[in-house]
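Asks:
Number of protein chains: 2
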Amino acid sequence: MLIRATIVDNHPMTIHGVQTMLAPYPHIQLSATYTSGKALLAGLEREQPDVLLLDIMLPDTSGKELAETISANWPGIRILALTSLDAPSHVKGMMRRGCTGYLLKDTDAPTLVYAIEQVYEGKEFIEPSIKEQILQNVLRLKKNSIDNTPKLTQREKEVLTLIVQEYTSPEIADKLFISLRTVEAHRCSLLQKLDAKNLVALVKIAMQMGLAE
Amino acid sequence: MLIRATIVDNHPMTIHGVQTMLAPYPHIQLSATYTSGKALLAGLEREQPDVLLLDIMLPDTSGKELAETISANWPGIRILALTSLDAPSHVKGMMRRGCTGYLLKDTDAPTLVYAIEQVYEGKEFIEPSIKEQILQNVLRLKKNSIDNTPKLTQREKEVLTLIVQEYTSPEIADKLFISLRTVEAHRCSLLQKLDAKNLVALVKIAMQMGLAE
DNA sequence: TATAAAATCCGTGGAAACACCTATTTCCCC
DNA sequence: GGGGAAATAGGTGTTTCCACGGATTTTATA
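Those protein sequences? They're chains A and B, same order as listed. Read in order, the letters of the first sequence correspond to residues 1023 to 1235 in this note's numbering. Read in order, the letters of the second sequence correspond to residues 1023 to 1235 in this note's numbering.
Okay, here's the thing in structure tokens:
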């Protein structure tokens, strides 16, 4: 088994580090290295690796755009995100754009090799700590959410809940047996208290608070 | 170490099954069993267990409401969700309402015991398969989403993206250098194609497609 | 090149949302 | 018992949204 890998990273240090880490493993060959998205796209025309180690923050293109275009144009290339960004939103962004793995730069050689092997075989590999982080991120929303948003009154919470359940103001008025004006008053309070520009912003905030899936 | 456990489930069969499973483990004592939410709440006034095994579907109250009130009124009681529902939304709902664990009913005795022990110590325990399911649910949205929604045209996708970014129709018109009427036409198409009742519904669908966090 | 799909635009009208303002009643807490 | 927050409701007006028609031009593609 010979795995041809390629790396894109604007830090030469990272590239050297990966080269050093992979040196003792002859079955993984770092066939090419690039320091920008443009250089990579140009290089892919000549030579396609099996696995691409892709950073997110690059000088010209962003890693997310690159992942999208590469997985669309070269579906045979497996992409392993290699970055120091551990925020769940970045993980989601990369995985949804076609990456099969996500690794942090502070990893060790065996893990790097294992991740490359897994990704090469089409199996997902995500840093376990990051998996846990995402999970907690999804499950623990309620903690700093509607209950711990002391700004909102009971009634406002009720109205907000009905709003994200796609009820309009007149419908909410009927449902709560109050006047349309009262509902509108609550809506205004919600917009101000939650610093929302409009309905869309309000819904997004409410969903972040866990009021809807 | 003696762990006092209590179970709420409207199926006597489940209760018997748990009793049988826990019998060989003397350090876990099933101190009380209830078949309804009301009975549980009444029983808690007399006796509080260390760990509560809680089903979601109950005749009177729902497990989610129960989890919320119990974790609020008896914060010392650890709650382990024990149900046959494996949908991520249920897991999120229960965990966000104060459960420390989530177990499926098709589990085996050692796992049940381990879960109770973990939860007793305040450590989270979630069925590994469910963890993975939630993770995939979060990460793989894009797959059957905006790209695989062939219904939407390119322009409609652009407009939808701007909508969830909290732009209003006039703002979108300015940004895309098109008429307000055109934007509104795209909005109507979006509402129809995505079967959305209104803006709120549209935003929710868009977020499920991964267009925003 | 013919045809379909996409993208553009308009008129009209009503519903809903949002922004100001004020005001009363209720209820909790010091 | 008085102060303050919450909930209630109204007036007025503007903006945005949404739905019902329609139309033309551009683009892709078979």
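Where a beta carbon is used, it is the ideal one built from N, C-alpha and C, also for glycine. From a predicted model like this one, the values you see are computed outputs, not experimental measurements.
Going by DSSP in three states, Ala1240 of chain B sits in which element: helix, strand or coil?
Replies: The structure shown has nothing for residue 1240 of chain B, since chain B only spans 1023 to 1235.
Asks: Go ahead and pull the three-state DSSP assignment for Ala1218 of chain A.
Replies: coil
Asks: Within a Cβ cutoff of 8 Å, which residues of the same chain sit near Gln1070 of chain B, ignoring the five residues on either side of it in sequence?
Replies: Trp1096, Gly1098 and Ile1099
Asks: If you measure between the beta carbons of Asp1072 of chain B and Asp1031 of chain B, is that distance less than 8 Å?
Replies: no
Asks: If the cut is a Cβ gap below 7 Å, which residues of chain A does Val1222 of chain B touch?
Replies: Ile1185, Val1186, Glu1188, Leu1221 and Val1225
Asks: Could you check how far apart the C-beta atoms of Leu1184 of chain B and Ile1194 of chain B are, in whole angstroms? I think they sit under 8 Å.
Replies: 5 Å
Asks: So, at 8 Å on beta carbons, what are the nonlocal neighbours of Ala1089 of chain B in its own chain, with the 5 sequence-adjacent residues on each side left out?
Replies: Leu1076, Ile1101, Ala1103, Met1116, Arg1119, Gly1120 and Cys1121
Asks: Could you give the DSSP three-state label for Ala1027 of chain B: helix, strand or coil?
Replies: strand
Asks: Using the Cα positions of Gly1232 of chain B and Gly1065 of chain B, report the straight-line distance between them to the nearest angstrom.
Replies: 45 Å
Asks: So what does DSSP say about Gln1051 of chain B, is it helix, strand or coil?
Replies: strand
Asks: Strictly by DSSP, which residues pair up with Leu1126 of chain B?
Replies: B:Thr1105
Asks: So with CB distances below 7 Å, who are the chain B contacts of Ala1234 of chain A?
Replies: Lys1226
Asks: Just confirm the distance between the C-beta atoms of Leu1157 of chain B and Lys1086 of chain A, as a whole number of angstroms; I'd bet it's less than 8 Å.
Replies: Between Lys1086 of chain A and Leu1157 of chain B the Cβ distance is about 19 Å, and since that is not below 8 Å, they are no contact.
Asks: Spell out whether any CB of chain B is found under 8 Å from the CB atom of Lys1179 of chain A.
Replies: no
Asks: Please name the residue in B:Leu1074, B:Gly1059 and B:Leu1062 whose C-alpha comes closest to that of Ile1025 of chain B.
Replies: B:Leu1074
Asks: In the DSSP assignment, what residue or residues form a beta bridge with Leu1076 of chain A?
Replies: A:Val1030 and A:Ala1103
Asks: DSSP three-state call for Tyr1189 of chain A: helix, strand or coil?
Replies: coil
Asks: Just to check my reading of the structure: Asn1220 of chain B and Thr1190 of chain A have Cβ atoms closer than 8 Å, yes? What is that Cβ distance to the nearest angstrom?
Replies: 7 Å
Asks: Please report the distance separating the alpha-carbon of Pro1110 of chain A from that of Leu1213 of chain B.
Replies: 30 Å
Asks: Closest to Lys1173 of chain B by C-alpha separation, out of B:Pro1150, B:Asp1196 and B:Asp1217, would be which residue?
Replies: B:Asp1217
Asks: Return the CA-CA distance between Ser1084 of chain B and Gly1059 of chain B, expressed in angstroms with no decimal places.
Replies: 8 Å
Asks: Is there at least one Cβ from chain B nearer than 8 Å to Ser1084 of chain A's Cβ?
Replies: no
Asks: Taking only beta-carbon atoms, is Arg1118 of chain B less than 8 Å away from chain A?
Replies: With 8 Å as the cut-off, Arg1118 of chain B counts as an interface residue toward chain A.
Asks: With the cut-off set at 8 Å, would you say Glu1149 of chain A and Tyr1124 of chain A are in Cβ contact?
Replies: yes
Asks: Exposed or buried, Arg1068 of chain A, counting other C-beta atoms within 10 Å across all chains shown (16 or more means buried)?
Replies: That one is exposed.
Asks: Which chain A residues sit within Cβ distance under 7 Å of Val1160 of chain B?
Replies: Lys1114, Ile1156 and Val1160
Asks: Alpha helix (DSSP H) containing Met1117 of chain B: first to last residue?
Replies: Pro1110 to Arg1118
Asks: With C-beta atoms as the reference, is Ile1029 of chain A less than 8 Å away from Leu1052 of chain A?
Replies: yes
Asks: Looking at the secondary structure, which residues open and close the alpha helix (DSSP H) in which Gln1140 of chain B lies?
Replies: Unbroken alpha helix (DSSP H) run through Gln1140 of chain B: Ala1131 to Tyr1142.
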